[in-house]
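Undergrad:
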Amino acid sequence: MAQTTRAEREKKTVKVMIMLYCKDNHKPNDGLCAECQELLTYSQKRAEHCRLGEDKPVCGDCTVHCYKKDMRERIRTVMRYAGPRMILHHPLMTIQHVIDKRHKPQIGEDRIG
2 MAQTTRAERE
12 KKTVKVMIML
22 YCKDNHKPND
32 GLCAECQELL
42 TYSQKRAEHC
52 RLGEDKPVCG
62 DCTVHCYKKD
72 MRERIRTVMR
82 YAGPRMILHH
92 PLMTIQHVID
102 KRHKPQIGED
112 RIG
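Residue numbering for the sequence shown follows my numbering, starting at 2 and increasing by one per position.
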């Protein structure tokens with residue numbers, strides 16, 4: 002299996018968390034409801050355009066808040082719900098996320114400018 006970058010892992014983790022939240026709370030017939038699809042698209046776009054690049058921390062620990070206020074509240078709601086359930090549904094992904102949380106980026110003028 003090819004090694005994935007921290008940014009790719011985070012995008013996948015957020016996607017899985019949104020899918021878990023939507024399935025349990027909105028109960029769509031197939032895939033994601035429109036609201037959760039919008040949040041997923043937004044979160045993926047933000048991750049792809051992160052100013053910190055591959056040196057980024059997990060979003061919850063980031064000092065650069067690139068989400069609009071309403072979207073930040075929506076993703077927090079998803080994470081509060083899905084986070085504790087991830088260990089049961091996706092234990093390896095959860096362990097990797099905990100490892101990734103330990104990474105501290107080198108933030109300086111040359112990194113974020």
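For glycine and all other residues, C-beta sits at the position ideal for the given N, C-alpha and C.
(1) Tell me the start and end of each unbroken alpha helix (DSSP H) in the segment 37-100 that is at least 4 residues and wholly inside, in chain order.
(2) Would you mind sorting L40 into buried or exposed? The rule is 16 or more other CB atoms within 10 Å of its CB.
(3) Just to check my reading of the structure: A83 and L33 have Cβ atoms closer than 8 Å, yes? What is that Cβ distance to the nearest angstrom?
(4) For V15, is the classification buried or exposed, using 16 other Cβ atoms within 10 angstroms of its Cβ as the cut-off for buried?
(5) Whole angstroms is fine: what's the gap from N26's alpha carbon to C37's?
(6) Could you give the distance in angstroms between the alpha-carbon of E49 and the alpha-carbon of A8?
(7) Name the two residues that bound the continuous alpha helix (DSSP H) containing C23.
(8) Considering only residues of the same chain and omitting the five flanking positions on each side of D101, which have a CB-CB separation below 6 Å?
(9) Can you round the beta-carbon distance between R73 and H66 to whole angstroms, since I take them to be within the 8 Å contact cut?
TA: Taking the structure as given:
(1) Listed in chain order, the alpha helix (DSSP H) elements of length 4 or more contained wholly in the segment 37-100 are 70-90.
(2) buried
(3) Not a contact, Cβ separation roughly 13 Å.
(4) buried
(5) 10 Å
(6) 8 Å
(7) First-last of the alpha helix (DSSP H) with C23: R7 to N26.
(8) R7 and V59
(9) Indeed, because the Cβ distance is near 7 Å, the residues count as touching under 8 Å.
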